[in-house]
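S.K.:
There are 2 protein chains.
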Amino acid sequence: MGEIDRLGSIKKFYRQHKRLPSYSEMLKLFGIASKNAIFKIVSKWVEEGLIKKTGGKFAPTSRFFAIPLLGSIRAGFPILAEENRDYVSLDDYLIEDPQSSFLLKVNGDSLEGIGIFEGDIVIIERKKEARIGSVVLAQIDKEWTLKILRKDRIQRLNYLSAANPKYPSFYPKEELQIFGIVKAVVRKFN
Amino acid sequence: MGEIDRLGSIKKFYRQHKRLPSYSEMLKLFGIASKNAIFKIVSKWVEEGLIKKTGGKFAPTSRFFAIPLLGSIRAGFPILAEENRDYVSLDDYLIEDPQSSFLLKVNGDSLEGIGIFEGDIVIIERKKEARIGSVVLAQIDKEWTLKILRKDRIQRLNYLSAANPKYPSFYPKEELQIFGIVKAVVRKFN
DNA sequence: CAGTATAGTAAACAATTGTTCACTTTGTCA
DNA sequence: TGACAAAGTGAACAATTGTTTACTATACTG
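The listed protein sequences correspond, in order, to chains A and B.
Going by numbering that gives the first Met the number 0, 81 is the number at position 82 of the first sequence; the sequence numbering is gapless.
Going by numbering that gives the first Met the number 0, 162 is the number at position 163 of the second sequence; the sequence numbering is gapless.
1) Going by C-alpha distance, which of B:Asn-189, B:Ile-37, B:Lys-10 is nearest B:Ser-192?
2) Just the chain A side, please: which residues come within less than 7 Å of B:Lys-17 by C-beta, in chain order?
3) When you compare only the Cα positions, how much space is there between B:Pro-164 and A:Ser-8?
4) Spatial neighbours of A:Ile-113 within its chain, please: CB distance less than 6 Å, with the 5 preceding and 5 following residues excluded, ordered by chain position.
5) Using the beta-carbon of each residue, which ones in chain A are nearer than 7 Å to B:Leu-26?
6) Please report the Cβ distance between A:Leu-19 and A:Pro-59, rounded to the nearest whole angstrom; I am assuming they are in contact, meaning their Cβ atoms lie under 8 Å.
7) Which residues mark the beginning and the end of the beta strand (DSSP E) in which A:Ala-36 is found?
8) Compare the C-alpha of A:Tyr-170 against each of A:Ile-147, A:Asn-189, A:Lys-187 and name the closest.
9) Taking the straight line between their C-alpha atoms, what separation do you get for B:Ser-133 and A:Phe-63?
10) Would you list, in chain order, the members of the segment 109-120 of chain B that have their beta-carbon closer than 9 Å to a beta-carbon of chain A?
11) Under DSSP, the alpha helix (DSSP H) around B:Arg-62 begins and ends at which residues?
12) Which residues in the same chain have their Cβ closer than 7 Å to the Cβ of A:Met-0, if we skip the five residues on either side of it in sequence?
13) Got a sec: is the Cβ-Cβ distance from A:Gly-194 to anything in chain B below 9 Å?
14) Is B:Gly-118 buried or exposed, if buried means 16 or more other CB atoms sit within 10 Å of its CB?
15) Have a look at A:Ile-115 and B:Asn-189 and give me their C-alpha separation to the nearest angstrom.
16) Locate the alpha helix (DSSP H) running through A:Leu-89, then write down its first and last residues.
17) With a threshold of 6 Å on Cβ separation, who are the neighbours of A:Leu-79 within its own chain once the five nearest residues in sequence on each side are excluded?
18) Starting from A:Lys-52, trace the beta strand (DSSP E) both ways and give me its first and last residue.
19) In chain order, what residues of the same chain lie with their CB nearer than 6 Å to the CB of B:Trp-44, ignoring the 5 residues before and after it?
20) Rounded to the nearest angstrom, what separates A:Tyr-166 and A:Ile-139 at their Cα positions?
21) Give me the chain A residues within the contact set of B:Pro-67, using Cβ-Cβ distance strictly less than 8 Å, ordered along the chain.
22) Can you tell me whether B:Gly-55 is buried or exposed? The criterion is at least 16 other CB atoms within 10 Å of its CB, across all chains shown.
23) Does A:Asp-90 come within less than 9 Å of chain B when only Cβ atoms are used?
24) Which same chain residues end up closer than 8 Å to A:Glu-95 when comparing Cβ atoms and leaving out the 5 residues on each side of it in sequence?
25) Shorter than 9 Å from the beta carbon of A:Lys-207 to some beta carbon of chain B?
26) With DSSP run on the structure shown, which of helix, strand or coil describes A:Leu-79?
27) Following the continuous beta strand (DSSP E) through B:Phe-178, name the residue where it begins and the one where it ends.
28) Quick check on the burial criterion: 16 or more other C-beta atoms within 10 angstroms. Buried or exposed for B:Gly-48?
29) Please list, in chain order, the chain B residues whose beta carbon lies closer than 7 Å to that of A:Pro-97.
30) Locate the alpha helix (DSSP H) running through A:Glu-24, then write down its first and last residues.
31) Distance check for B:Ser-61 and B:Ala-91, CA to CA, integer angstroms please.
32) Verify whether the separation of the beta carbon atoms of B:Val-41 and B:Val-121 is less than 9 Å.
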């Protein structure tokens, strides 16, 4: 079994079990008989910065999960782009505060103008206030909706607007209550 | 320390260390003196399905990471939506084959029509073939670009097109080589 | 070929793991 | 108040952890 396959197999193990295998488990995983061999292999991974020890226990580093992130594609071959900093995970990148966040499947085409389509998933952070211009999940006159928060300068009043010329602006007759703000969008193709 | 805070603290621990704390570590984490107390607490989590045992070792379940995914917002209060199946993680959801995937920061506005903007991050899977209509990373006459793959029925020839009326279609003079296909897009606001 | 680094075997090790037992404290509710 | 469940203490436990040592097999290099 090659070196890369071993790394691949414990990455697969981590993906399945959400934890690293123990030495004994690696013995079976790699088809090796001696724990010392495992010790040497793991030590090398630690040296390479793929795995670290926290509190005497092994844990994967960010490089363990690393998926290359490339920069500009205009300037030559993209793989060789210099902006190849290693990468944590999309969860960590997109969801800053997991406790107060939730996901929402978008329906309707009212936000097409800013690239939020029907079927997309938005990451929403629970908050009662939002900056003007941000996309908010709000309750306008008892009805829930996902729109852009605007401020009418003349009437000095917050209202909601779509990002699609098909729809008018929504002025609250009674009240406009913000429930959360959209921090990110995610769309899967096919 | 309340029950929820404990769960929160080991979730935080897992987020930081990418592994669950041991009983001894939980002692300090929770400010408790007896391992048996930890045993009971963890046992309850196992019963509740937040943590499971694989091969005699503890590991978080999907419910451990769960961020609620809500459905339609039109039909009343979104939090109460029935489509509240628990959720794995954005990584697992978006990146099906981590080994052959990489991320690419988009520049240019040529794909605005399908909601891919400058600064977005696309998840690309390395592949030499692609279905007509999919977004591909390709090399057209030695130049790299991100476009939609099309087929000219008359000339029986593949070409690339933007999703923006500003740009023309790109017919290869010499060759068109597909390098990968875009599986997902991700955009962070602010 | 010889020489040497690399990779694996086997056994022994203290340290730490999760679990169990018997008991005490705390809190809750009739 | 008293009774009972829930939550925590403390000590002991076998099992497993990662590490070390000494030795062997394999592979590579000049």
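All C-beta atoms, glycine included, are put in the ideal place defined by N, C-alpha and C.
Note that the structure is predicted; figures quoted are calculated from it, not measured.
M.R.: Let me lay it out:
1) With chain B represented from 0 up to 189, any question about residue 192 of chain B goes unanswered, as that position is not in the structure.
2) As a first step, residue 17 of chain B is located in the second sequence; it is residue number 18 there, counting from the start. At a beta-carbon threshold of 7 Å, the residues of chain A lying near B:Lys-17 are Ala-58, Pro-59, ordered along the chain.
3) Residue 164 of chain B sits at position 165 when you count from the first residue of the second sequence. Residue 8 of chain A sits at position 9 when you count from the first residue of the first sequence. For B:Pro-164 and A:Ser-8, the distance between alpha carbons rounds to 46 Å.
4) By 1-based counting over the first sequence, the position of residue 113 of chain A is 114. For A:Ile-113, where only same-chain residues beyond five positions count, the Cβ hits under 6 Å are Ala-162.
5) Counted from its first residue, the second sequence places residue 26 of chain B at position 27. Chain A residues near B:Leu-26: none, gap ~12 Å exceeds 7 Å.
6) On the first sequence, residue 19 of chain A is found 20 positions in, with the first residue counted as 1. On the first sequence, residue 59 of chain A is found 60 positions in, with the first residue counted as 1. Right, the Cβ-Cβ distance comes to about 6 Å (below 8 Å), so this counts as a contact.
7) As a working mapping, residue 36 of chain A is identified with position 37 in the first sequence. Counting along the chain, A:Ala-36 sits inside no beta strand (DSSP E); it lies in the alpha helix (DSSP H) bounded by residues 34-47.
8) Translated into positions along the first sequence, residue 170 of chain A becomes position 171. For the residues A:Ile-147, A:Asn-189, A:Lys-187, the minimum Cα distance to A:Tyr-170 belongs to A:Ile-147.
9) If you number the second sequence from 1, residue 133 of chain B lands on position 134. If you number the first sequence from 1, residue 63 of chain A lands on position 64. For B:Ser-133 and A:Phe-63, the distance between alpha carbons rounds to 30 Å.
10) Those would be Glu-111, Ile-113, Gly-114, Ile-115, Phe-116, Asp-119, Ile-120, in chain order.
11) Translated into the one-based positions of the second sequence, residue 62 of chain B becomes position 63. From DSSP, the alpha helix (DSSP H) with B:Arg-62 extends over 61-64.
12) As a first step, residue 0 of chain A must be located in the first sequence, where it is residue number 1. Legend: pLDDT at A:Met-0 = 46, less than 50; position of this residue unreliable, value from coordinates given subsequently. The answer, listed in chain order, is Phe-29, Gly-30.
13) As displayed, chain A neither begins before 0 nor continues past 189, which places residue 194 of chain A out of reach and without an answer.
14) Looking up residue 118 of chain B in the second sequence gives position 119. In the assembly as shown, B:Gly-118 is an exposed residue. Its beta-carbon has fewer than 16 other beta-carbons within 10 Å.
15) As a working note, residue 115 of chain A is residue 116 in the first sequence. As a working note, residue 189 of chain B is residue 190 in the second sequence. It is roughly 15 Å from the alpha-carbon of A:Ile-115 to the alpha-carbon of B:Asn-189.
16) Mapped onto the first sequence, residue 89 of chain A falls at position 90. Start and end: 89-93.
17) Counting from one through the first sequence, the residue named residue 79 of chain A turns up at place 80. Here A:Leu-79 scores only 46 on pLDDT, less than 50, and its place in the model should not be relied on; the value that follows carries that caveat. Same-chain partners within the cutoff: there are none.
18) As a first step, residue 52 of chain A is located in the first sequence; it is residue number 53 there, counting from the start. Going by DSSP, A:Lys-52 is part of the beta strand (DSSP E) stretching over 50-53.
19) Stepping through the second sequence from its first residue, residue 44 of chain B is reached at position 45. Excluding positions up to five away in sequence, the list reads Ile-50.
20) Here residue 166 of chain A refers to the residue found at position 167 of the first sequence. Here residue 139 of chain A refers to the residue found at position 140 of the first sequence. Between A:Tyr-166 and A:Ile-139, the C-alpha separation is close to 15 Å.
21) Indexing the second sequence from 1 puts residue 67 of chain B at position 68. In chain order: Phe-101, Leu-102.
22) In the second sequence, counting from the first residue as 1, residue 55 of chain B sits at position 56. Result: exposed.
23) The residue given as residue 90 of chain A occupies position 91 in the first sequence. It does; some Cβ of chain B falls within 9 Å.
24) The residue given as residue 95 of chain A occupies position 96 in the first sequence. Here the set comprises Glu-124, Lys-182.
25) Here chain A covers residues 0 to 189 and nothing more, so residue 207 of chain A does not appear.
26) For the purposes of this step, residue 79 of chain A is taken as the residue at position 80 of the first sequence. Legend: pLDDT at A:Leu-79 = 46, less than 50; position of this residue unreliable, no value from coordinates given.
27) Here the question's residue 178 of chain B lines up with position 179 in the second sequence. 175-187 is the extent of the beta strand (DSSP E) around B:Phe-178.
28) Mapped onto the second sequence, residue 48 of chain B falls at position 49. By the Cβ neighbour-count rule, B:Gly-48 is exposed, with fewer than 16 other Cβ atoms within 10 Å of its own.
29) As a working note, residue 97 of chain A is residue 98 in the first sequence. Those within 7 Å of A:Pro-97 in chain B are Ile-66.
30) Residue numbering aside, residue 24 of chain A sits at position 25 when the first sequence is read from its first letter. For A:Glu-24, the enclosing alpha helix (DSSP H) begins and ends at 22-29.
31) Within the second sequence, residue 91 of chain B is the residue found at index 92, counting from 1. Within the second sequence, residue 61 of chain B is the residue found at index 62, counting from 1. Note that residue 91 of chain B corresponds to Asp in the displayed sequence, not to Ala. Using only the alpha carbons, I get a separation of about 11 Å.
32) For the purposes of this step, residue 41 of chain B is taken as residue 42 along the second sequence, with counting starting at 1. For the purposes of this step, residue 121 of chain B is taken as residue 122 along the second sequence, with counting starting at 1. Between B:Val-41 and B:Val-121, the C-beta spacing is not below 9 Å.
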